[in-house]
Ligand code: EPZ
């Protein structure tokens, strides 16, 4: 296993390219199941999770070809083609490695009239149930059966009629599965209190480009008129607002000045608002966002919420930044029940943080010290990197396979901005 060595104290400057969004790509890829024509996705990030999802798709008979991108380029162009679906089963040994595999349930059910997917189980940040995915599909006419650790969904008479579902809790994945199932229904589907994340808008934009009829895109009330078939498309994945926000925190904690090339301000307004409250300058520029911090950082209270609120995926990174702010910040994590695993590791670097249930109290400190730390989940790993960039001395971050799931060539991007960071084999 690799580890990252970071020697803190360097101000970040220059340009960091933002890659395609992991959480958009993971819902765009399964859309290939919704047509027997080629689906070409551009700006796909080179990430372990994306490779894993493409491997899962081959289990169903979906071919994929990677087109003309040089190895040194960020991102890639991939064409997926589900001419025929040869299997409707997503096996345990693949799903357990990547819980986003559950996103094949809706499109497979829509295409083949049935789908058998291993239950994804929980993960480090929470038990991550899928009850809302299943209830939404049942509301559209699916018959759902749970047996031997698998969920089996069947569309009676081979096609879903559609229906209406009001989400009791905003769920990104359940909204995505429901939308992907609804586009080929024989009737109309209404989804109320649907998630509004930009990744959902990206999904709806792709499906519309494939011939779907969706009203209310970007709002929490979606109406989807089923169509008999969808055609192929070529579509560019949106830029990764969480990656951009993560590098913004890295620039800010080092007192740097960085252009985040490809970042879109209107997709990350809650993050930008939080950064400005902390005393970080965030300015739109041609081609991206310029983030700089040359004065003291200010303590700020933050609470995560479904979009357009502050993304839970930004909590750990902003916490790392607030470890160096003047004063005391109170953070509330309202989405997941166990998303503070970065705290013990940050405290080993000298951070002063107390956790009480879903609330974390962060008292800013003058100095963070380099240490040996352990990554535990994707965003927690990034918070350790951010802290290490401002720490005195050297930090070793282990188990960085967590990072490789969601940050494309992280150390290369940070080296571009002047960070002293290298990837080495773990002895
Ligand atoms: C997506 O996860 C993202 N993953 C997560 O990003 C992100 O943190 C999350 O949305 C919230 O924004 C992908 O897009 C691949 P949810 P998802 O369903 O869809 C509860 C990252 O770091 N819930 O919106 O699984 C759930 O327990 C990852 O990139 C149910 O109760 O999140 C949670 O408390 C981490 N029943 C809340 O809803 C369900 O059936 C929100 O979860 C589904 C969810």
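Residue numbers (the numbering used here): 49 to 475. Built from N, CA and C at the ideal position, the CB exists for glycine as well. A quick note: this is a predicted structure, and the numbers were derived from the prediction, not measured.
Would you decide whether residue 363 is buried or exposed? Buried here means 16 or more other CB atoms lie within 10 Å of its CB.
buried
Pairs of beta-carbons, one from the region 336-352 and one from the region 93-106, closer than 8 Å: are there three or more?
no
Whose C-beta lies closer than 6 Å to the C-beta of residue 325 among residues of the same chain, with five residues either side of it excluded?
348
Buried or exposed (CB count within 10 angstroms, at least 16 for buried), residue 452:
buried
Three-state secondary structure (DSSP) of residue 213:
strand
Just checking residue 454 against the ligand EPZ - is the residue's beta carbon closer than 8 Å to any of the ligand's heavy atoms?
yes
What I want to know is whether the C-beta of residue 482 ends up closer than 8 Å to one or more non-hydrogen atoms of the ligand EPZ.
Nothing can be reported for residue 482: it is not among the residues displayed for the chain, which extend from 49 to 475.
Examine the Cβ distances between the region 353-370 and the region 424-441 and report whether three or more of them are shorter than 8 Å.
yes
CB of residue 177 to nearest heavy atom of the ligand EPZ: below 8 Å?
yes
Candidates 177, 154, 265, of which the one nearest residue 189 by Cα
154
Cβ of residue 302 versus every heavy atom of the ligand EPZ: is any distance shorter than 8 Å?
no
Going by DSSP, what residue range makes up the beta strand (DSSP E) through residue 273?
269-273
Buried or exposed for residue 118, please, with buried defined as at least 16 other CB atoms from any protein chain shown within 10 angstroms of its CB.
exposed
Delimiting residues of the alpha helix (DSSP H) encompassing residue 89
Here residue 89 belongs to no alpha helix (DSSP H); instead the beta strand (DSSP E) covers 87-92.
Helix, strand or coil, according to DSSP, for residue 279 in the structure here?
coil
Residue 196 by DSSP, collapsed to three states: which one?
coil
Tell me, to the nearest whole angstrom, how far the beta carbon of residue 82 is from that of residue 278; I am working on the premise that it is less than 8 Å.
5 Å
Name the two residues that bound the continuous alpha helix (DSSP H) containing residue 400.
Note, residue 400: premise wrong, no alpha helix (DSSP H); beta strand (DSSP E) at 400-404.
Per DSSP, which residues does residue 471 bridge with? Please list them.
52
Taking 8 Å as the cut-off, is the C-beta of residue 239 nearer than that to any heavy atom in the ligand EPZ?
no
Alpha carbon to alpha carbon, how far is residue 323 from residue 162?
46 Å
Quick check on the DSSP output: what are the complete beta strand (DSSP E) runs of length 3 or more inside the region 353-436, in order along the chain?
376-380, 400-404, 407-411, 420-422
Chain-order list of residues whose beta-carbon lies under 8 Å from that of residue 406 (same chain, five-residue window excluded)
380, 381, 382, 385
Per the contact definition of three or more C-beta pairs closer than 8 Å, is the region 307-322 in contact with the region 351-358?
yes
Following a CB-centred definition, is residue 247 positioned closer than 8 Å to any heavy atom of the ligand EPZ?
yes
Residue 414: beta carbon under 8 Å from a heavy atom of the ligand EPZ?
no
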